[in-house]
Amino acid sequence: MSAPSTDPGESYSGPRVLKSDPKLTPRQIVVNVLVCGAFVVFWLVWTGTWPLPRGEENSDQASEFLKQEFPDRALQPDAHEDSTGPVAALFYLIQSGDAPDATKAVQFATEQNLGYASPYVIERLESDSPSLRQAARQFLHKMAGQDLGPDPQPWQAWWRDPPRRLLGIVTVGHHLTQVGIPIVGGLLGVLLLSIGIKRQEPGLSTIGTLLLAVGWFLIFSTAGMLLVGSVNTVTFGGTEILYYTDHGVVEGLSDARAGGMPLFLMLCLLFVAAPLIVLVGVFVIYQWWKSLWE
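Here it is in structure tokens:
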């Protein structure tokens, strides 16, 4: 606090207020980069470590299985032209095949660790065939590492949000945490941005802005991963099968994802347009509120 002026010709205007330097210090820049980087890396590690076996590199085995067990059902395109087609046909057999065929398919999926077949195997827990129900239980027990019983409802809840350990401490749902991490990061960014603006702290404002931007991007990235897939078709025994893949792995049949490229483009448009709409809305509300007090 400054002392009163001793110059008779100079009036005292009160204590001087020290304003923060609008420029970030090197330390603040490093902290911002480390915090945002750790946030992104944590999300990437969590998202990339799917808790169930994906069953990669098993297309050749699936093709041989179909040829041996179902020689009268042609697969078009074959495994040489489309490496994912045999696995999709196997999923179709599990979902729609009669009891003997579905039992063979479930047993093969168990051997090959085809975790993405889980929702179709769960449906067969209600089969009238004891052997199919037993094969389904064995598959699910292997995929989940636990036995949730003969009823499909607990298994459906397990599949919707597979549980896993967070930091080795608490059990949480994989999808819930995958979506929650960007949301929490974005809300934290809004909080830090608000505090930084109010206190005129450029460090807090900057890291808040970065967390908000990264959180917004990761929210749409998560939506794309959960809703969008590459659309493919294969014909097995005269039946056309629509299915979704991601990086050469069959994620499921027609019900596995909400859409393909059109949905992806719509998400991209929403990613860009939504912030602009919010900014315009805030500006309009601000101008309206300002006019009320004039």
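Per this note's numbering, residue -3 is the first one in the sequence shown, and the count goes up by one each step. The beta-carbon is built from N, C-alpha and C at its ideal position, and this holds for glycine as well. Because the structure is a prediction, the values reported are computed rather than measured.
- Within its own chain, the residues whose Cβ lies closer than 8 Å to the Cβ of residue 159, once the five positions on either side in sequence are excluded, are 47, 167, 168, 169, 170, listed in chain order.
- Of the other Cβ atoms in all chains shown, 16 or more fall within 10 Å of the Cβ of residue 104; this residue is therefore buried.
- Taking C-beta separations shorter than 6 Å and ignoring five residues to either side along the sequence, the partners of residue 256 in its chain run 227, following chain order.
- In the structure shown, residue 247 falls within a strand segment according to DSSP collapsed to helix, strand and coil.
- Cβ neighbours of residue 100 within its own chain (closer than 7 Å, five residues either side excluded): 65.
- In this structure, DSSP gives residue 152 a helical state, which the three-state scheme calls helix.
- Annotation: the continuous beta strand (DSSP E) that includes residue 161 extends over 159 to 162.
- Counting the other Cβ atoms within 10 Å of the Cβ of residue 60 gives fewer than 16, which makes it exposed.
- Per DSSP, residue 203 is not a residue of any beta strand (DSSP E); the alpha helix (DSSP H) it occupies stretches across 198 to 223.
- Going by C-alpha positions, residue 150 is about 35 Å away from residue 78.
- From the listed residues 229, 231, 264, the smallest Cα separation to residue 220 is found for 264.
- Taking a C-beta distance under 8 Å as the contact criterion, residue 181 and residue 207 qualify as a contact pair.
- One alpha carbon belongs to residue 260, the other to residue 289, and they sit about 44 Å apart.
- Shown here for residue 97: same chain residues with a beta carbon closer than 7 Å to its own, the five before and five after excluded, namely 89 in chain order.
- In this model, residue 173 and residue 40 are separated by some 12 Å (Cα to Cα).
- The beta-carbon separation of residue 192 and residue 198, rounded to 7 Å, stays under the 8 Å limit for a contact.
- DSSP places residue 99 within a helical segment (H, G or I) once states are collapsed to three.
- Counting along the chain, residue 238 sits inside no alpha helix (DSSP H); it lies in the beta strand (DSSP E) bounded by residues 235 to 242.
- By the Cβ rule, the region 235 to 248 counts as touching the region 111 to 127, because three or more pairs are nearer than 8 Å.
- Just so you know, the alpha carbons of residue 86 and residue 140 end up roughly 20 Å apart.
- When DSSP states are grouped into helix, strand and coil, residue 228 belongs to the strand group.
- The C-alpha of residue 84 is placed about 14 Å away from the C-alpha of residue 117.
- Here the alpha carbons of residue 125 and residue 216 stand approximately 43 Å from one another.
- One alpha carbon belongs to residue 144, the other to residue 67, and they sit about 36 Å apart.
- Per DSSP, residue 167 is one residue of the beta strand (DSSP E) stretching across 166 to 169.
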